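See structure below.
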Amino acid sequence: MKIAIGTSLFAEEDRTPLERLEKAGIQVTLNPFRRKLTEDETIEFIRDVDGLIAGLEPLNRNVLSAAPHLKAIARVGSGMDNVDQVTAAEKGIKVSNTPEGPTDAVAEITVSAMLTLARRLIPLNETMHAGTWKKIMGDGLSGTTIFIAGFGRIGRRVSELLVPFRPKLIAYDPVLSDGPLPNGVQRVTLEEGLKRADIISLHVAGTARLIGPDEFCRMRDGVILLNSARGALVDEPALIAALDSGKVRSAWFDVFPEEPYSGPLIRYPQVMLTPHISSNTRQCRRDMESAAVSNILHDLGITI
Numbered sequence: 000m001k002i003a004i005g006t007s008l009f010a011e012e013d014r015t016p017l018e019r020l021e022k023a024g025i026q027v028t029l030n031p032f033r034r035k036l037t038e039d040e041t042i043e044f045i046r047d048v049d050g051l052i053a054g055l056e057p058l059n060r061n062v063l064s065a066a067p068h069l070k071a072i073a074r075v076g077s078g079m080d081n082v083d084q085v086t087a088a089e090k091g092i093k094v095s096n097t098p099e100g101p102t103d104a105v106a107e108i109t110v111s112a113m114l115t116l117a118r119r120l121i122p123l124n125e126t127m128h129a130g131t132w133k134k135i136m137g138d139g140l141s142g143t144t145i146f147i148a149g150f151g152r153i154g155r156r157v158s159e160l161l162v163p164f165r166p167k168l169i170a171y172d173p174v175l176s177d178g179p180l181p182n183g184v185q186r187v188t189l190e191e192g193l194k195r196a197d198i199i200s201l202h203v204a205g206t207a208r209l210i211g212p213d214e215f216c217r218m219r220d221g222v223i224l225l226n227s228a229r230g231a232l233v234d235e236p237a238l239i240a241a242l243d244s245g246k247v248r249s250a251w252f253d254v255f256p257e258e259p260y261s262g263p264l265i266r267y268p269q270v271m272l273t274p275h276i277s278s279n280t281r282q283c284r285r286d287m288e289s290a291a292v293s294n295i296l297h298d299l300g301i302t303i
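Shown next, in the form of structure tokens:
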């Protein structure tokens with residue numbers, strides 16, 4: 000039995016998941032590039048394997064069609080945008096993910112980013128390192144209106160972590176069931192949330208554009224925008240215009256339409272950029288990798 004591991008950091012912090020596969024007598028191939036694989040690289044990487052523990056490499060129809068022995072895909076992470084699930088179903092390939100694993104890590108860094116941007120810690124740090132003693136006024140979270148767009152596992156956890164700061168929490172999710180929301184969160188439409196918010200945090204699933212020119216026009220001047228969900232949710236030219244006009248005071252982006260990212264946002268010091276690392280904590284990686292190994296073993300019918 001052969002399993003390929005596409006995610007580039009697998010077992011670097013804890014070898015236990017890898018040892019479980021080896022104990023089962025599985026021949027394991029690790030990602031040799033230590034980065035996200037291209038389509039052509041993925042085709043060669045999974046051509047002869049029975050299972051794939053996947054990162055964010057493209058698993059479209061072309062790729063899956065080139066892997067005749069592939070029986071199971073286990074994503075390390077919650078997002079499934081890179082997996083053509085229709086083709087997988089047609090070919091009898093079982094697909095799983097680890098939706099619980101990233102929740103705490105992503106929620107924690109989101110709240111950290113909110114505090115960093117609201118209190119203007121980045122320019123304060125830069126001026127100190129430049130040898131300048133300059134005080135810059137920031138904002139607290141108490142009494143601010145924070146709009147959580149996408150109220151699944153991560154959005155809900157963000158709201159839980161924010162409660163002690165006493166903000167006004169409002170949320171939108173297109174698939175929310177009826178009924179009251181937890182943590183005192185008020186349900187709103189997307190348009191209402193954009194109009195009312197001092198801080199907007201995106202946690203929506205899917206890759207359809209959510210924030211474009213019209214949506215930026217509805218926002219308050221000086222809003223803070225955070226995106227740890229999907230790069231395609233925000234129209235980048237419209238974001239650039241909003242930064243130039245001051246409509247968006249500051250922002251944090253951990254996800255981008257194309258990764259690695261080297262686009263125009265790197266020229267904006269008020270935009271904090273991180274290389275898709277929201278879930279990169281030791282605890283989160285350990286939990287997701289362990290769950291992915293359990294999923295792949297189960298779907299391949301292997302017991303140890």
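In numbering that gives the first Met the number 0, the protein residues as written are 0 to 303. All C-beta atoms, glycine included, are put in the ideal place defined by N, C-alpha and C. All values derive from a computational prediction rather than experimental measurement.
Endpoints, the alpha helix (DSSP H) within which residue i is located
i	result
residue 90	Per DSSP, residue 90 belongs to no alpha helix (DSSP H) and is neither H nor E.
residue 97	Premise fails: residue 97 is in no alpha helix (DSSP H) and is neither H nor E.
residue 215	212-217
residue 154	152-161
residue 226	Taken as a continuous stretch (DSSP letters only), residue 226 belongs to no alpha helix (DSSP H), being part of the beta strand (DSSP E) at 222-226.
residue 42	38-45
Range covered by the beta strand (DSSP E) that runs through residue i
i	result
residue 249	247-252
residue 3	1-4
residue 28	26-29
residue 271	270-272
residue 74	71-74
residue 22	Careful: residue 22 lies outside any beta strand (DSSP E), inside the alpha helix (DSSP H) at 15-22.
residue 144	144-148
residue 51	50-53
Through-space distance from residue j to residue i, alpha-carbon basis
i	j	result
residue 11	residue 279	12 Å
residue 51	residue 201	29 Å
residue 251	residue 164	20 Å
residue 241	residue 219	11 Å
residue 216	residue 68	51 Å
residue 182	residue 24	47 Å
residue 224	residue 198	6 Å
residue 221	residue 141	17 Å
residue 249	residue 112	11 Å
residue 152	residue 32	32 Å
Cβ-based neighbour list, residue i, same chain, cut-off 8 Å, excluding 5 preceding and 5 following
i	result
residue 41	5, 56, 57, 58 and 62
Beta carbon of residue i nearer than 7 Å to that of residue j
i	j	result
residue 150	residue 175	yes
residue 211	residue 237	yes
residue 196	residue 144	yes
residue 214	residue 193	yes
residue 98	residue 288	no
residue 46	residue 73	no
residue 168	residue 184	yes
residue 39	residue 1	no
residue 13	residue 208	no
Chain-order list of residues whose beta-carbon lies under 6 Å from that of residue i (same chain, five-residue window excluded)
i	result
residue 34	7
Same chain, Cβ closer than 7 Å to residue i, neighbours up to 5 away in sequence not counted
i	result
residue 119	135 and 137
residue 36	5, 30, 44 and 56
residue 228	149, 201, 202, 203 and 254
Say whether the stretch 117-127 touches the stretch 291-301, bearing in mind that this needs 3 or more beta-carbon pairs closer than 8 Å, one atom from each stretch.
no
At least three beta-carbon pairs within less than 8 Å, the stretch 66-85 to the stretch 256-272:
no
At least 3 beta-carbon pairs within less than 8 Å: the stretch 102-112 vs the stretch 151-161:
yes
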